[in-house]
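K.L.:
Before I ask anything, here is the structure I am working with.
Number of protein chains: 4
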Amino acid sequence: MTENEKSCRTTITVRYAECDPMGIAHHSSYLPWLEIGRTDLIARAGRPYRELEREGIFLPVVSLSLEYRRPVRYDDRLLLTTRLVILSPVRAEFRYRILGADGTECTRAVTRHAVTGRDGRVTRMPDPVLALLKPQVCHENPPLE
Amino acid sequence: MTENEKSCRTTITVRYAECDPMGIAHHSSYLPWLEIGRTDLIARAGRPYRELEREGIFLPVVSLSLEYRRPVRYDDRLLLTTRLVILSPVRAEFRYRILGADGTECTRAVTRHAVTGRDGRVTRMPDPVLALLKPQVCHENPPLE
Amino acid sequence: MTENEKSCRTTITVRYAECDPMGIAHHSSYLPWLEIGRTDLIARAGRPYRELEREGIFLPVVSLSLEYRRPVRYDDRLLLTTRLVILSPVRAEFRYRILGADGTECTRAVTRHAVTGRDGRVTRMPDPVLALLKPQVCHENPPLE
Amino acid sequence: MTENEKSCRTTITVRYAECDPMGIAHHSSYLPWLEIGRTDLIARAGRPYRELEREGIFLPVVSLSLEYRRPVRYDDRLLLTTRLVILSPVRAEFRYRILGADGTECTRAVTRHAVTGRDGRVTRMPDPVLALLKPQVCHENPPLE
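As structure tokens, this is what we get:
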């Protein structure tokens, strides 16, 4: 897998309920989209996140940042690219870009995650899960970003 | 407690994020408000709903209906009244009215609930919980409030 | 178009953010899904709903009802079918069914809509829009799909 | 007004619908809370934000960051403090802290805003609005509250 292939691509169509009185997607609507990007990337690695949770491995968000460069609107089709950029037994970091239908960059984002058990306590990611996710880690910053 | 006193009153202020491109509260935003009404009514009975869930008693919604008579807008202060109208060991029904700041009726709603355990299977509400909630049941349809 | 072909089919994948502490999709999460069904059905008729709004034609929800027969969970792939069952210059009614991946019926819903202008006042749907939507109206209740 | 008095205090009660399958408030749920903090702070300055929008002054979020230090749960009562820390005719920055009922810090956040007109184009905040908001600007970083 080349560095570029490690970016996971997801298409998002903006829902009416996600837009606010300014007529644009509300800034909180983006976070569930990023979560879809993570879901897709982890599923591609071979074990869906829902199964990780069933085995008692949780990846709660511990910090995040977003830059909203251009607003998006109801029914816009967006291209979300998700990259796993840091992975260790105790943490993970994902980076995201959202492009509009015309290829313009709309949003950049970063989310950082802890690894916890069902009780919310910090734990270590088991080696087999780590081994599955390792090949997804993107080591270089692809151009453009 | 008179029948009228059994109505639980909650003030809701419409959030910006709850409004859509029409400039009015999105129709899905009302459901979390009704949930606040139920939370308040059950807490008033003496055992908060969060404790019921800790004891393994869940009240999932099995059906609901809403009538949207007048739209509401960002920063509107609404008066939500919640009544428990049916209660048995296996089900509950709540009825709601939302009034605007000027007393105009904006919305009517009904939610029906099953009683389940943590695993989602239908169960019976324990007698002590039933005994707590019984006095909250409103037996008559109060006149327009 | 046969009556059956008039049902518009949309695939919905349940988002993590749409699920609640019971581990199931929160009952409010379904309303944005139904909105996607309407968006798809209207787009198929030849003029996307976002264009109707630009022309000053809005279809706000005036009432709705849902029956939740089986819960759905994070990452479940659902099949939503949407039918337009009533259409007049001043109102519209849609009916919906949500099936799980195994074909089990999970949810039934109805939404009723007024026709308003940008100012929220009741208006009449222009004849060309009505003519576009008419062929989508489903006159019979299809058998269980 | 002392620097400390410039912090605007808002009580938030966590809604059931805001919590996810981990049993904690979903990380996207915090953004509408921060918006309530801004609404309260701007209203205290003498002109509610809804009136600013009516006059064609919008403050869209252009970037934000959050640190989630401790999770919060359904029915938790939180204390949100909001400070306006940067204000110019073309931008504003707010900082936030969320404390749990026991005074523990749960979350820190920053949101940065542009000033735009109804059409989304960058504009300048009119002098009278700027004059109203200026006294709310908090010039020092208050000690841990």
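Residue numbers (the working numbering), protein chains in the order written: chain A, 1 to 145; chain B, 1 to 145; chain C, 1 to 145; chain D, 1 to 145.
In this text, a Cβ means the ideal position worked out from N, Cα and C, and glycines have one as well.
CB-CB under 6 Å to C:Cys138, same chain, minus the five flanking residues each way: which ones, in chain order?
P.N.:
Along the third sequence, read from residue 1 onward, the residue named residue 138 of chain C stands at position 138. These residues qualify, in order along the chain: Glu3, Lys6, Arg83 and Val85.
K.L.:
Determine which residues of the region 19–36 of chain B have a Cβ less than 7 Å from any Cβ of chain A, and write them out in chain order.
P.N.:
Correct list: Cys19, Asp20, Pro21, Gly23, His26 and Ser28.
K.L.:
Of all the options A:Gly117, A:Pro128, A:Cys19 and A:Ala131, which has the alpha carbon lying nearest to the alpha carbon of A:Leu59?
P.N.:
For the purposes of this step, residue 59 of chain A is taken as residue 59 along the first sequence, with counting starting at 1. Taking only the C-alpha atoms, the option nearest A:Leu59 is A:Gly117.
K.L.:
I'd like to know whether the C-beta atoms of A:Leu99 and A:Thr10 end up nearer to each other than 7 Å.
P.N.:
Numbered from its first residue, the first sequence carries residue 99 of chain A at position 99. Numbered from its first residue, the first sequence carries residue 10 of chain A at position 10. Not in contact: A:Leu99 and A:Thr10 (Cβ atoms no closer than 7 Å).
K.L.:
DSSP state of B:Leu133, grouped into three classes?
P.N.:
As a working note, residue 133 of chain B is residue 133 in the second sequence. If DSSP states are grouped into helix, strand and coil, B:Leu133 belongs with the helices.
K.L.:
For B:Tyr68, would you say it is in contact with chain E, using Cβ-to-Cβ distances shorter than 7 Å as the test?
P.N.:
Reference to chain E is not applicable here, since the protein chains of this structure are A, B, C and D.
K.L.:
Quick one: using the 10 Å Cβ neighbour count with 16 as the cut-off for buried, is D:Thr104 buried or exposed?
P.N.:
Here the question's residue 104 of chain D lines up with position 104 in the fourth sequence. Per the 10 Å Cβ criterion, exposed.
K.L.:
Need the endpoints of the alpha helix (DSSP H) that A:Glu35 sits in, please.
P.N.:
Counting from one through the first sequence, the residue named residue 35 of chain A turns up at place 35. From DSSP, the alpha helix (DSSP H) with A:Glu35 extends over Tyr30 to Arg44.
K.L.:
Is the Cβ of C:Ala17 closer than 7 Å to any Cβ of chain D?
P.N.:
Here residue 17 of chain C corresponds to residue number 17 of the third sequence, with the count starting at 1. Closer than 7 Å to some Cβ of chain D, the Cβ of C:Ala17 qualifies, so yes.
K.L.:
Near B:Trp33, which residues of its chain fall below 7 Å by C-beta distance, leaving aside the five closest residues on each side in sequence?
P.N.:
Counting from 1 along the second sequence, the entry for residue 33 of chain B is found at position 33. Taken in chain order, the residues that qualify are Ile12 and Leu80.
K.L.:
Enumerate, from N- to C-terminal direction, the unbroken beta strand (DSSP E) stretches of 3 or more residues contained entirely within the region 74–112 of chain C.
P.N.:
Complete beta strand (DSSP E) runs here, min 3: 77–88 and 91–99.
K.L.:
According to DSSP, what are the bridge partners of A:Ala25?
P.N.:
Taking the first residue of the first sequence as 1, we reach residue 25 of chain A at position 25. Looking at the DSSP assignment, A:Ala25 forms a beta bridge with A:Cys19.
K.L.:
Sort D:Gln136, D:Pro135 and D:Met125 by Cα distance to D:Ile57 and report the nearest one.
P.N.:
Position 57 of the fourth sequence, counting from 1, holds the residue named residue 57 of chain D. Among D:Gln136, D:Pro135 and D:Met125, the Cα nearest to that of D:Ile57 belongs to D:Met125.
K.L.:
Please confirm if D:Ser7 has its CB atom under 7 Å from at least one CB of chain A.
P.N.:
Here residue 7 of chain D corresponds to residue number 7 of the fourth sequence, with the count starting at 1. Answer no: the Cβ-Cβ gap between D:Ser7 and chain A never drops below 7 Å.
K.L.:
Just the chain B side, please: which residues come within less than 9 Å of D:Tyr74 by C-beta, in chain order?
P.N.:
Position 74 of the fourth sequence, counted from the start, is the residue given in the question as residue 74 of chain D. Ordered by position in chain B, the residues that pass the 9 Å Cβ test against D:Tyr74 are Thr39, Tyr49, Arg50 and Glu53.
K.L.:
Please report whether the beta-carbon of B:Met125 lies at a distance below 7 Å from any beta-carbon of chain C.
P.N.:
Working through the second sequence from its first residue, we reach residue 125 of chain B at position 125. Closer than 7 Å: no.
K.L.:
Residues in its own chain within less than 7 Å of C:Val62 by CB, not counting five upstream and five downstream?
P.N.:
Here residue 62 of chain C corresponds to residue number 62 of the third sequence, with the count starting at 1. Closer than 7 Å at Cβ, skipping near neighbours: Arg112, His113 and Ala114.
K.L.:
Looking at the structure shown, is D:Glu55 part of a helix, part of a strand, or coil, going by DSSP?
P.N.:
As a working mapping, residue 55 of chain D is identified with position 55 in the fourth sequence. It is coil, neither helix nor strand.
K.L.:
Under the three-state reduction of DSSP, which class applies to B:Arg70: helix, strand or coil?
P.N.:
The sequence position of residue 70 of chain B within the second sequence is 70, counting from 1. Three-state DSSP puts B:Arg70 in coil, outside helix and strand.
K.L.:
Could you check whether the Cβ of A:Ser63 sits closer than 7 Å to any Cβ belonging to chain D?
P.N.:
In the first sequence, counting from the first residue as 1, residue 63 of chain A sits at position 63. True, the Cβ-Cβ gap to chain D drops below 7 Å.
K.L.:
C:Arg50 by DSSP, collapsed to three states: which one?
P.N.:
As a working note, residue 50 of chain C is residue 50 in the third sequence. C:Arg50 falls in the helix class under three-state DSSP.
K.L.:
How about D:Phe94: is its C-beta nearer than 7 Å to some C-beta of chain A?
P.N.:
For the purposes of this step, residue 94 of chain D is taken as residue 94 along the fourth sequence, with counting starting at 1. Chain A contact via Cβ: absent.
K.L.:
Kindly list the residues whose CB is nearer than 8 Å to the CB of D:Glu140, restricted to its own chain and excluding five residues on each side of it in sequence; keep chain order.
P.N.:
On the fourth sequence, position 140 is the one that residue 140 of chain D refers to. Answer for D:Glu140: Glu3, listed in chain order.
K.L.:
Less than 8 Å between the CB atoms is what I'm expecting for A:Tyr16 and A:Leu66, so what's the real figure, rounded?
P.N.:
Taking the first residue of the first sequence as position 1, residue 16 of chain A is located at position 16. Taking the first residue of the first sequence as position 1, residue 66 of chain A is located at position 66. A:Tyr16 to A:Leu66, Cβ: 21 Å. No contact.
K.L.:
Compute the Euclidean distance between the alpha carbons of A:Asp40 and A:Gln136, then round it to the nearest angstrom.
P.N.:
The count along the first sequence starts at 1 and reaches residue 40 of chain A at position 40. The count along the first sequence starts at 1 and reaches residue 136 of chain A at position 136. Going by the C-alpha atoms only, they are around 12 Å apart.
K.L.:
According to the neighbour-count rule (16 or more other Cβ atoms, all chains shown, within 10 Å of its Cβ), is C:Gly37 buried or exposed?
P.N.:
The residue given as residue 37 of chain C occupies position 37 in the third sequence. Counting Cβ neighbours within 10 Å, C:Gly37 comes out buried, since at least 16 surround it.
K.L.:
Please list the partners that A:Pro71 has in chain D, where partner means a Cβ-to-Cβ separation under 8 Å.
P.N.:
For the purposes of this step, residue 71 of chain A is taken as residue 71 along the first sequence, with counting starting at 1. Those are Pro60 and Gly120, listed as they occur along chain D.
K.L.:
Report the residue from B:Asp76, B:Pro21, B:Phe94 and B:Ala45 whose alpha carbon sits nearest the alpha carbon of B:Leu130.
P.N.:
Numbered from its first residue, the second sequence carries residue 130 of chain B at position 130. Of the listed residues, the one whose Cα sits closest to B:Leu130 is B:Ala45.
K.L.:
In terms of residue numbering, what span does the beta strand (DSSP E) encompassing B:Thr11 cover?
P.N.:
Translated into positions along the second sequence, residue 11 of chain B becomes position 11. Residues Cys8 to Thr13.
K.L.:
How many angstroms separate the CA atom of A:Cys8 from the CA atom of D:Arg95?
P.N.:
As a working mapping, residue 8 of chain A is identified with position 8 in the first sequence. As a working mapping, residue 95 of chain D is identified with position 95 in the fourth sequence. In a straight line, the C-alpha of A:Cys8 is about 33 Å away from that of D:Arg95.
K.L.:
Can you list, in chain order, the residues of its chain whose CB lies under 7 Å from that of A:Thr123, leaving out five sequence neighbours each side?
P.N.:
For the purposes of this step, residue 123 of chain A is identified with residue 123 of the first sequence, where counting begins at 1. Closer than 7 Å at the Cβ level, and outside the excluded window around A:Thr123, lie Val115, Thr116 and Gly117.
K.L.:
Using C-beta distances below 7 Å, list every residue in its chain close to C:Asp75, excluding the 5 sequence neighbours before and after it, in chain order.
P.N.:
Looking up residue 75 of chain C in the third sequence gives position 75. Only Thr13 and Val14 meet the Cβ criterion.
K.L.:
With 16 other CB atoms within 10 Å as the buried threshold, where does B:Ser88 fall?
P.N.:
Residue 88 of chain B sits at position 88 when you count from the first residue of the second sequence. B:Ser88 comes out exposed.
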